[in-house]
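Number of protein chains: 2
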Amino acid sequence: MPTLLQRLVFQVGPVPNERAFVLSSVSTDGHYISLRPFVKPRNASEEAFPFEWVFAGTNQNVVVNQKSEAIVTQDFNNWFDSNVYLNLPNTHRGEINTTWENWESGCIAETGSVFPAGRELDGVPFFELWQPLDSTRDELVVSTPQNEKSASSAKSIVFKTTEGSGFDGLVVVTGRWAQGFLSKQNDGTINGMNFIRTLETGNSNVVQTLLQYGRDADKFPRKFDGIKLGDVVEANGLKWEVIESYL
Amino acid sequence: MPTLLQRLVFQVGPVPNERAFVLSSVSTDGHYISLRPFVKPRNASEEAFPFEWVFAGTNQNVVVNQKSEAIVTQDFNNWFDSNVYLNLPNTHRGEINTTWENWESGCIAETGSVFPAGRELDGVPFFELWQPLDSTRDELVVSTPQNEKSASSAKSIVFKTTEGSGFDGLVVVTGRWAQGFLSKQNDGTINGMNFIRTLETGNSNVVQTLLQYGRDADKFPRKFDGIKLGDVVEANGLKWEVIESYL
């Protein structure tokens, strides 16, 4: 079953807040992307690159361990990380160790530390709170025991750029919601990054673009019906392989 | 426009959590109730009274001040407070001063302090995070710019016990969601308290009981169509006056 999580709280230091509309998509097989656009960019730098952060990976990039009924650890070695791509100073490199605790309310609390000055120096602890959504719905509908049957019926499709294309990219479709990144190899500037968030609305499966960023954003796949594992789809000249498809 | 808020986070001390399924209903005219049932009561005491807290009041019991575009203060002198009703030791008495800040994400952060040992001693700061819901929906649907037209069309009805009935009670209906308290005067035990949470489902306006507590819970009004301001409705012998009705 794929999951779609909305972040409710981000906290580093004493004061919690949430300035972004963060959705994290996790496919049935564990491929993932977390897209973190600012709701209201505050300055020229945020206007030019209106994302707090984006990261993504396949299930080879994360190790998940169930520690107890309510607690899971996830250790991320992301395939794509916007901070790493841009080689931003004072940002974390390498594995990120996180702990996820299910609250009785249904939300999931994530804690961990990042090491922007390197592992040998003090880490910076963070807290994030996540709300599971019913990804089969075209609104933000909280996942509850009442709609879990609907939520568990969600489709899960993942597209990955093919070797030799000059790009790295992943699109994760969970239910009606798709998120993707596409980064140009050997670029390392904001001009090399592309992101998309789409939503299938209504019964006719019209794919609505909620967010699109980057000069190569027309190279994302945008049709998600009749997709089979192993298919190769082409979008404006770029080839994507379907590495997962549960319909 | 009435509002229905779901609490996402409750924090006293260093660690946030959420053990309750809290909804706060606020009518168009500002009458309110906050019902805070535990999701999983943990001991005999919590089984007997499975609520973290319940409080309610009319718009005479709260003073609201807009401090800036994103910040509002609310000073509560609750009409009903389950801790006060039970005369629980080490719980707050009197006015509670709170500050509400709209986050860019759409959630609302509430901060304040309570004084369980009295005003002359140190207060205990708390943090609560609230998610506005579209109360016209029969699921937990997040209120967003996309559905604000629907949310703003919600009906708002308030019932109040009549004088001389031997009970204090208030039922606040916001959209499809109703919450109420009914407390027996001069009782002061858990046997004197009654609470209800109902939800109108489907097009036929079937009122589904989500939560019911107390031996007099059959005295709550449970029909919310065709209600007019000034009506007096009777429920198993108890009379309720309609003090607000926007349909």
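Residue numbers (the numbering used here), protein chains in the order written: chain A, 1 to 247; chain B, 1001 to 1247.
Beta carbons are placed, not taken as given, at the ideal position from N, Cα and C, and that holds for glycine.
Predicted, not measured: the structure shown is a model, and the values here were computed from it.
The C-alpha of A1056(B) is placed about 6 Å away from the C-alpha of N1078(B). Only V1141, V1142, T1144, Q1146, N1147 from the segment 1141-1162 of chain B bring a Cβ to less than 8 Å from some Cβ of chain A. The beta-carbon of N17(A) is placed less than 8 Å from the nearest beta-carbon of chain B. The segment 36-44 of chain A and the segment 63-72 of chain A do not touch, with fewer than three beta-carbon pairs separated by less than 8 Å. Annotation: the segment 30-117 of chain A contains the following complete segments of the alpha helix (DSSP H) (minimum length 4 residues), in chain order: 44-48, 82-85. Apart from the 5 residues on each side of it in sequence, Q131(A) sits with its Cβ closer than 7 Å to the Cβ of L5, Q6, L8, C107, V142 in its chain, given in chain order. For S1113(B), no chain A residue has a Cβ inside 7 Å of its Cβ, as the nearest lies near 16 Å away. Neighbours of L4(A) in chain B, taken as residues whose beta carbon is under 8 Å from its own, are absent, since the nearest beta carbon is some 13 Å off. In the three-state reduction of the DSSP assignment, A151(A) falls in the helix class. The contact set of K40(A) on chain B, defined by CB atoms closer than 7 Å, consists of E1104 in chain order. About 7 Å separates the beta carbon of V1242(B) from that of I1157(B), a gap short enough to meet the 8 Å contact definition. With fewer than three CB-CB distances shorter than 8 Å, the segment 1209-1220 of chain B does not count as touching the segment 1134-1148 of chain B.
Under the DSSP definition of a beta bridge, V1173(B) partners with I1157(B), A1178(B). A residue is called buried when at least 16 other Cβ atoms come within 10 angstroms of its Cβ; N203(A) does not meet this threshold and is exposed.
Contact between the segment 1157-1170 of chain B and the segment 1182-1198 of chain B is established, with three or more Cβ pairs separated by less than 8 Å. If you compare the alpha carbons of K223(A), E104(A), V206(A), H92(A) with that of D138(A), the shortest gap goes to V206(A).
Rounded to whole angstroms, the separation of the alpha carbons of W100(A) and P116(A) is 21 Å. What V1009(B) touches in chain A, judged by beta-carbon distance under 7 Å, is V9, L129, going in chain order. Put simply, the CB of F1181(B) is far from chain A, with every gap to its CB atoms at 8 Å or more.
Annotation: F51(A) has no Cβ neighbours in chain B at a cutoff of 7 Å; minimum Cβ distance is about 14 Å. Put simply, of L1129(B), T1028(B), S1152(B), S1027(B) the residue whose alpha carbon is nearest the alpha carbon of G1112(B) is L1129(B). No Cβ of chain B is located within less than 8 Å of the beta carbon of F76(A).
DSSP, read as helix, strand or coil, puts I227(A) in coil. Note: S1025(B) is bridge-paired with L1004(B), I1033(B) in the DSSP secondary-structure output.
Think of a sphere of 8 Å around the beta carbon of E47(A): no beta carbon from chain B falls inside it, the nearest being about 15 Å out. For E1110(B), no CB of chain A lies under 8 Å from its own CB, so it is not counted at the interface with that chain.
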